[in-house]
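Okay, structure first, notes after.
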Ligand SMILES: Cc1cc2nc3c(=O)[nH]c(=O)nc-3n(C[C@H](O)[C@H](O)[C@H](O)COP(=O)(O)OP(=O)(O)OC[C@H]3O[C@@H](n4cnc5c(N)ncnc54)[C@H](O)[C@@H]3O)c2cc1C
Ligand code: SF4
Ligand code: SF4
Ligand code: FES
């Protein structure tokens, strides 16, 4: 049941690198990450790779396998034929640190720019009441393991480094949607989604949704509703007026 | 002189799991300049993997629950070896800590009346675990990660710098703690950036250790590469003590097949929600394994057990939900006696007990995990499961209230601290432990720093020594076979798994200690290839130092404790021994060896439980664990003694 598989792994750093060929033993039931580990233990001890849980829970082991953005720990060898050469490369949208490890700091910077949850004033801890149906919408987005595969895939930044400052990517547009749909959040991030996080760049191609290992419906459940909310706010005179009055009352 | 990047903080939190993040939040809210250092990316710590839930007696599902019941369950689960003060604080404060998370934005699953829902788990009398499906740890980590971001946003608004008061140093590994020459107090921490391999020095009067567990010393484990016992070993080398190291929890249900995923966890939530264990004959074998100390507390027939899921007032719970140590041993015996599953485990069946929809809704990541990794559809077939090394009860000995170790300025919280869980941790009690004691450690550190009149000083010679130790693997010894760190690691794991695993014997542990000594000599010859930039071989070589120290502590303490209790089972001493209940084994480092110091183990008497807590228990129950002498302090002791005498009389008659 074991066989020798053919692998091409990208090796190098920010100055450049190349694909290297390896022959590695593959056993029944294994995933790509097992092969990478065997490679480390037997042939390339300094091969750089990120991983933690090995069960699709932490989102560390993102890479591109035959060009497809995937988690290495959830990609089973049985999905390939024995003779096939499997190519493993780092995520393309981020700068390489070394081998399969990329610099994902872009994501942490974007995360920091989304205003945090703002609870209602005067509601004491322990007094929060929410219905399951109401929390479920945001809960879907909170399944996100921050593998950043969607960020890596979205065409807005995949080959357009220049868009990065203006576009936060599906993960963080979804984070805004998550907060907007939180039953108790009191902040309004709609303008910001459009003006500062680049919601308008998204043309709902759904590529992000396709690669999400958590199966989150990023486009349908987060991005499109978010676009609708922004549109509603911008063009609906009733909403506009309501907001104005509300603000005036508060100040 | 070593080239290092220097930073100055009031407190350095080592670890960004639940404990570390909660400590950092507290320290920053108390006004301290705080650094959080972690080996992985921010948000990836082990806590992210926790599935089942977080125990807190909020009483949302069963209003009979309260802190006293939780306290009793925790002490029972730990077979009364727990530090009772920690167990008390934990039970009392857990609900507040969970509610607090909601103010940070957490979204737990709800009850019909809109409160936080709570689920059943092994050893907990009432449904007690706050949860989000089977990804509770992810919710905890993300919530606190986002809370940290929100604090940084406040600092940004005030100073124009997100990182003015709270900064995360991700992919940065601490290899040594530094102490002041004259006072022995913490003066800083030394480490390296994983990315560049460059050294970094944190000068700080307080360090909170929150590095998690030690599972990577064992072959079959649910733990990730991070669990190399760094906090345990660093603390030892800085002069701190560890307790309870002989107690290692083997979770009863890890995956057993395919081989590459062996050990990956199957959450106890499966059993909490109705899943049952069966052997190859289809028998629900747990009914045969209820130990004497729990007799009467668990259902005796499958019918009663099944009724319990819907009517808990009139039925007793299923023995599938006995504490983990009991279930793990039961599975071990079934397999040994030839009633195991094809791949050497037993069956865990949820498919025949719940609709497919229900399973997918309640246990989505388990469904996903088996489907993706084992080609098993858990809505149709049973899972195959067996014990896996999961959690270490042992850890840094701390003061329960302040979380300070015996080294001034060194605090510890979470899995790397010891005492709270005694000889066995109940499921769900770790996440709550992280919150309660993470916060307390942050507080303890803040109070300590406020009380200092002078900052402890980092010695350049200590920095140089730490750098030299870290670079040793690039500097091959003149003679002897060069060692591959991966091979050495595998040999260590095999040794611990085979000889100091779930069932232990004196001669095997002795053999393990011999092998460890031998492996330690090979440690000196470890050589790594390549350079310092993101080099996993080098990282492993550094972590190995810590794994060796921790493994020796586990083995030595396991050899000394001649009884079976919780996560320590001695084939040659199968009984609980009341004398051992009040005895702690305290490990400290010897200074015989700079690279991997040896371990010394000493006995220490456990402080007796405060009277009001003692009286929360029935004297009859206590009599299963305590010595006669200790029991005499209980107000009902006289009547128990009288009853005992009467029964003894009857037997003679
Ligand atoms: C699969 C699984 C499921 C679980 N499910 C549950 C559950 O349902 N309920 C429950 O209560 N418990 C559960 N547990 C146990 C619980 O998750 C852990 O005990 C807990 O998360 C440990 O948290 P921690 O904060 O102590 O450490 P961790 O979350 O492990 O974090 C440790 C941190 O320390 C850092 N670190 C380590 N060494 C160094 C170093 N040398 N330098 C710098 N940083 C370092 C790491 O990078 C990491 O950030 C589960 C455990 C596992 C493995
Ligand atoms: S749907 Fe929007 S965010 Fe997603 S990949 Fe397409 S453009 Fe990018
Ligand atoms: S939304 Fe999905 S693909 Fe994107 S980071 Fe989260 S888990 Fe990964
Ligand atoms: S290692 Fe955690 S997702 Fe792959």
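Protein chains in written order, with our numbering: chain L, 911 to 1161; chain E, 286 to 938. Cβ atoms here follow ideal geometry from the backbone N, Cα and C, with glycine treated the same way. Bear in mind that the values here come from a model prediction, so they are computed numbers and not experimental data.
- Listed as beta-bridge partners of residue 668 (chain E) by DSSP are E:633.
- Under the three-state reduction of DSSP output, residue 733 (chain E) falls in the helix class.
- Around residue 350 (chain E), the same chain offers 342, 344, 411, 413 as residues with beta carbons nearer than 7 Å, after the five sequence neighbours per side are excluded.
- For residue 720 (chain E), the closest C-alpha among the options E:290, E:371, E:324 is that of E:371.
- Proximity of residue 287 (chain E) to chain L, defined by a Cβ-Cβ separation below 8 Å, is not satisfied.
- The Cβ-Cβ distance between residue 451 (chain E) and residue 319 (chain E) falls below 8 Å.
- Chain E has a Cβ within less than 8 Å of the Cβ of residue 923 (chain L).
- By a beta-carbon distance limit of 8 Å, residue 908 (chain E) contacts residue 916 (chain E). Their separation comes to about 6 Å.
- For residue 293 (chain E), the enclosing beta strand (DSSP E) starts and ends at 289-293.
- In terms of beta-carbon proximity, residue 950 (chain L) lines the interface with chain E, with at least one pair separated by less than 8 Å.
- Proximity to residue 1115 (chain L) across L:1023, L:1080, L:1093, L:1038 peaks at L:1080, based on C-alpha coordinates.
- Using a cutoff of 7 Å, the CB of residue 322 (chain E) counts as near ligand 1, since one of the ligand's heavy atoms is closer than that.
- In this structure, E:329 is the residue among E:555, E:463, E:329 with its C-alpha nearest to the C-alpha of residue 453 (chain E).
- For residue 383 (chain E), the closest alpha carbon among the candidates L:1038, L:1025, L:924 is that of L:1038.
- With fewer than three CB-CB distances shorter than 8 Å, the stretch 846-855 of chain E does not count as touching the stretch 536-551 of chain E.
- In this structure, the CA atom of residue 799 (chain E) is about 18 Å from the CA atom of residue 875 (chain E).
- Using a CB distance cut-off of 8 Å, residue 352 (chain E) does not count as an interface residue toward chain L.
- With fewer than 16 other Cβ atoms from the protein chains shown falling within 10 Å of its own Cβ, residue 880 (chain E) counts as exposed.
- Distances from the CA of residue 481 (chain E) to each of E:489, E:497, E:456 were compared; the closest alpha carbon is that of E:456.
- Distances from the alpha-carbon of residue 324 (chain E) to those of L:1042, L:962, L:951 put L:962 closest.
- Close CB contacts of residue 859 (chain E) within its chain, under the 8 Å cut and outside five residues either way in sequence, are with 849 (chain order).
- According to DSSP, residue 913 (chain L) shares a beta bridge with L:936.
- In the DSSP assignment, residue 540 (chain E) falls within the beta strand (DSSP E) that extends over 533-540.
- Along the stretch 625-655 of chain E, the positions whose C-beta sits under 9 Å from a C-beta of chain L are 649, 650, 653, 654, read in chain order.
- Straight across, the Cα-Cα distance linking residue 643 (chain E) with residue 967 (chain L) is about 21 Å.
- At a cut-off of 8 Å between C-beta atoms, residue 967 (chain L) counts as an interface residue with respect to chain E.
- Residue 515 (chain E) has its CB nearer than 7 Å to a heavy atom of ligand 1.
- For residue 407 (chain E), the closest C-alpha among the options E:611, E:365, E:748, E:304 is that of E:611.
- Ranked by Cα distance from residue 553 (chain E), the options E:423, E:665, E:648 are led by E:648.
- Per DSSP, residue 978 (chain L) is one residue of the beta strand (DSSP E) stretching across 978-981.
- Residues of the stretch 852-885 of chain E with a C-beta less than 7 Å from any C-beta of chain L: none at all.
- Residue 474 (chain E) carries a strand assignment under DSSP once its states are collapsed to helix, strand and coil.
- Linking residue 982 (chain L) to residue 300 (chain E) through their CA atoms gives a straight-line distance of about 25 Å.
- Here the alpha carbons of residue 742 (chain E) and residue 466 (chain E) stand approximately 8 Å from one another.
- The beta carbon of residue 939 (chain L) sits closer than 8 Å to some beta carbon of chain E.
- In terms of Cβ geometry, residue 873 (chain E) and residue 521 (chain E) form a close pair [threshold 8 Å].
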